[in-house]
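Asks: Following this message is one structure expressed as structure tokens.
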Amino acid sequence: MAGKLLIVGFGPGSFEHITKRAQEAIQESDCVIGYKTYVELIQNLLSNQEIISTGMAEEVTRAQAAVRLAEEGKKVAVISSGDAGVYGMAGLIYEVLVEKGWSEETGVEVEVIPGISAINSCAALLGAPVMHDACTISLSDHLTPWDLIAKRIEAAAQADFVIALYNPKSGRRTRQIAEAQKILLKYRSPETPVGLVKSAFREKQDIVMTNLKEMLDHEIGMLTTVMIGNSSTFLYGSKMITPRGYQRKYTLDSEVQPLKPHERLRHENEPWALHQGKQEESPLSLAMEALKKVKAEKAAALDTTGVGRAYNPVESIFELAVSPGVVNKKFTPEQMMALAEVVGQKGTMEYTPHHQILLRIPTSSPDKVTEKLRNVNLSLSPTGDVLVVKACDFCDGEKRDSIPYAEKIQEKLGGMDLPKELMIGFNGCGMACYGAVKEDIGIVYRKGKFDLFLGAKTVGRTAHAGQPVAEGIEPEDIVEVIENIVWEYKEKGHPNERFYKFFKRVREVQGFKHKDIAPNIQIEPAPCGE
Ligand code: SAH
């Protein structure tokens, strides 16, 4: 009878998470070898197998016994928790076989049956912490020198890997996790989310959400996996989430502004990616840049005087829009110089159709940028799906009566986050030569009162003007009317739904009725890029 080695990972420890093949393998075996606690965990699968359960420290003895029994013609199931190939028995068994000169053709048959490793089971319980490049590091220096472990933690921390720390601590081994924390804090914010999962999918399961600074204030033991987030990982309620990609971008007035899926992967939003066809950013030049950074960081690390030195923040793209004001359309030379200074060699300055200049500046301190720009009286606003007030110049202030209303609307609503970008056109006379009627919401001052236009289709080949929904709105009412319309759109608009579509869908906004007056033009659709 030919023996066989079945090396089985039985997952985190609950019956439902054992794979079908792992169950079969245990059932078809003649004997089961494993650590005591684990044999108990799979009790339900056993019939009349011979059980060889040993203590933790006797792994090598266990591997040797397994090989011997298989060579005698038995089907031997060697069980490991999680995956047998992750700090499990698979490697040891092969080492024993190799030692004996085993070969695949002539030696006993070996089957390694994969299981759900702690990094996966714990991640599932924590939310989605392992969405990006991740690694596992075992803090056990039982078989590995601590210097090497420390080096790996350092490298993983530096490279911004999500890290699952296995074997973080035991009764006697308590120093390692504190050392690991110290190394990690050199590269990551103290606020970095950290998840502690003890006994995932077992009876005594316990989940703690903490951060890098406070992680040691909680219980960590032999059965805990410590999950360290990367620089983008965030907490959402009780879940730890690592975005699928990096969102190296901040926008004015908001701490976290995740890019919407449709905004991702665009060159301007992710300029560090290896986009095709961009000659000046060849893989070689990027690699050289990365190398330069690593060298600089090495030099910084050698500076041992900086005890408690702040971690190295990742430089992000700061994006904002500037203009001389809502009404004022004239830049001063001083403002232009300040712009050139903050944008520098690496940033970009883009002239937009919205009476604004769009700035994208790689920086780790956006506050310094805003301070410089505010010092020269530039008006700053966030970008993206926000509200922009586009006023005319009121004939250089000659038609100034309605200016305070434009400014009030800007003050109350400018930069507000909305389902989609929203332009409010505000023109100071019936000539409406700045095109208020062509914006999502159009306001025209005429004979001391306001006319209101809603739902222009501002883009596309079927673009059309807004519908005149009211004439002669009293000045004391106009700001409130506009505020209410915008709030209704903010609350009821679908993500990404332009205002005209919203108006058409809901039929009535703040009592203003939608009319199907848009010309019914038959025209072939022409999506972006065609
Ligand atoms: N082969 C196993 C790992 C064995 S090393 C696997 O692939 O998961 C032992 C370490 O694994 C423990 O110290 C702990 O960090 C982790 N671990 C194993 N099972 C776990 C569970 N159910 N919950 C949390 N951590 C677990």
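Just so you know, UniProt numbering puts 380 at position 380 of the sequence shown, and the rest follows in order with no gaps.
Ideal placement from N, C-alpha and C gives every residue a C-beta, glycine not left out.
#1: Of the residues S117, R152, P419, which one's Cα is nearest the Cα of K501?
#2: So, with DSSP's three-state summary, where would you put F502?
#3: Kindly indicate which three-state DSSP category S231 falls into: helix, strand or coil?
#4: Could you pull the start and end residues of the alpha helix (DSSP H) that P394 belongs to?
#5: Does the segment 110 to 126 come close enough to the segment 7 to 18 that 3 or more CB-CB pairs lie under 8 Å?
#6: Can you name the start and end residues of the alpha helix (DSSP H) that N375 belongs to?
#7: Give the C-beta separation of L184 and I153 to the nearest angstrom, bearing in mind that I take them to be a contact with Cβ-Cβ under 8 Å.
#8: Is C31 near the ligand SAH, with its Cβ less than 8 Å from a heavy atom?
#9: What do you reckon, is the C-beta of Y166 under 8 Å from a heavy atom of the ligand GTP?
#10: With a cut-off of 8 Å, do at least 3 Cβ pairs link the segment 405 to 425 to the segment 315 to 335?
#11: Going by DSSP in three states, C122 sits in which element: helix, strand or coil?
#12: Could you give the distance in angstroms between the alpha-carbon of G3 and the alpha-carbon of R172?
#13: Near F512, what residues of its chain come up, given a Cβ to Cβ distance below 8 Å and the 5 sequence neighbours on each side ignored?
#14: Would you say I18 touches the ligand SAH, meaning its beta carbon is less than 8 Å from a heavy atom?
#15: Verify the CB distance criterion: does L216 have a CB-CB separation below 9 Å to chain C?
#16: Following the continuous beta strand (DSSP E) through Y87, name the residue where it begins and the one where it ends.
#17: In the DSSP assignment, what residue or residues form a beta bridge with K198?
#18: Between the segment 236 to 245 and the segment 121 to 135, can you find at least three pairs of beta-carbon atoms closer than 8 Å?
#19: Pick out whichever of I220, E203, G195 has its Cα sitting closest to the Cα of N211.
#20: Hey, how far is the Cα of K186 from the Cα of S81?
#21: Report back the beta-carbon spacing between M416 and V386 to the nearest angstrom; my notes put them in contact at under 8 Å.
#22: Would you say the segment 221 to 237 touches the segment 163 to 178, given that touching needs at least three Cβ pairs under 8 Å?
#23: So the candidates are T332, G34, L5; which of them puts its Cα closest to the Cα of V76?
#24: Any heavy atom of the ligand SAH within a distance shorter than 8 Å of the CB on P12?
#25: Could you name the residues of the same chain whose beta carbon sits closer than 8 Å to that of E59, not counting the 5 residues immediately before and after it, in chain order?
#26: Return helix, strand or coil for F15, following the three-state DSSP convention.
#27: Give the straight-line distance between the Cα atoms of K20 and G493, rounded to the nearest whole angstrom.
#28: Who are the near neighbours of T54 in its chain, counting only those whose CB is closer than 6 Å to its CB and skipping five residues on each side?
#29: Which of helix, strand or coil does DSSP assign to V112?
#30: Measure the Cβ-Cβ separation of N167 and S140 and say whether it is below 9 Å.
#31: How would you label P129, buried or exposed, when you count the other beta carbons within 10 angstroms and need 16 or more for buried?
#32: For H464, list the residues DSSP reports as bridge partners.
#33: Residues in its own chain within less than 6 Å of V307 by CB, not counting five upstream and five downstream?
#34: Across the segment 64 to 75 and the segment 25 to 42, are there enough close Cβ pairs to call them in contact, namely three or more that are closer than 8 Å?
#35: Rounded to whole angstroms, how far is the Cβ of V444 from the Cβ of A436, which I believe are closer than 8 Å?
#36: Any idea what DSSP makes of K20, helix, strand or coil?
Replies: The short version:
#1: Nearest of S117, R152, P419 to K501, Cα basis: P419.
#2: Looking at F502 - three-state DSSP - the assignment turns out to be helix.
#3: DSSP, reduced to helix, strand and coil, places S231 outside both helices and strands of the structure shown, so it counts as coil.
#4: As written in the sequence, residue 394 is Phe, which differs from the Pro given in the question. Going by DSSP, F394 is part of the alpha helix (DSSP H) stretching over 394 to 397.
#5: With a cut-off of 8 Å, the segment 110 to 126 and the segment 7 to 18 count as touching, because enough Cβ pairs lie within range.
#6: Per DSSP, the unbroken alpha helix (DSSP H) holding N375 starts and ends at 366 to 375.
#7: Contact holds; Cβ gap of about 7 Å.
#8: Incorrect: C31 has no Cβ contact closer than 8 Å to the ligand SAH.
#9: For the structure depicted, the ligand GTP is absent and the ligand set comprises only the ligand SAH.
#10: The way I'd put it, the segment 405 to 425 does touch the segment 315 to 335; three or more beta-carbon pairs between them come closer than 8 Å.
#11: DSSP places C122 within a helical segment (H, G or I) once states are collapsed to three.
#12: Near 39 Å, if we compare the C-alpha coordinates of R172 and G3.
#13: L452, L454, V469, A470, I485, listed in sequence order.
#14: Outside the cutoff, so no.
#15: Judged by its chain identifiers, the structure shown contains no chain C, having just a single protein chain.
#16: Premise fails: Y87 is in no beta strand (DSSP E) and is neither H nor E.
#17: The partner list for K198 (beta bridge, DSSP) reads D206, T224.
#18: Yes, since at least three Cβ pairs between the segment 121 to 135 and the segment 236 to 245 fall closer than 8 Å, the two stretches touch.
#19: With distances taken between Cα atoms, N211 lies closest to G195.
#20: So the two alpha carbons sit approximately 33 Å from each other.
#21: Correct: roughly 6 Å between the Cβ atoms.
#22: The answer is yes - the segment 163 to 178 touches the segment 221 to 237, with three or more Cβ pairs under 8 Å.
#23: Closest by alpha carbon: L5.
#24: P12: yes, Cβ under 8 Å from the ligand SAH.
#25: Excluding sequence neighbours, E59 sits near M89, L92.
#26: F15 falls in the helix class under three-state DSSP.
#27: So the alpha carbons of these two residues sit roughly 47 Å apart.
#28: For T54, where only same-chain residues beyond five positions count, the Cβ hits under 6 Å are R62.
#29: It is a strand residue.
#30: Yes, the Cβ-Cβ distance between N167 and S140 is below 9 Å.
#31: Sixteen is the threshold: when 16 or more other Cβ atoms of the shown chains lie within 10 Å of the Cβ of P129, as they do, the residue is buried.
#32: Answer is K457.
#33: Unreliable placement is indicated for V307, whose pLDDT of 41 sits below 50; no coordinate value is reported for it.
#34: By the C-beta criterion, the segment 64 to 75 is judged to be in contact with the segment 25 to 42, since at least 3 inter-stretch pairs fall below 8 Å.
#35: V444 to A436, Cβ: 5 Å. Contact.
#36: Helix at K20.
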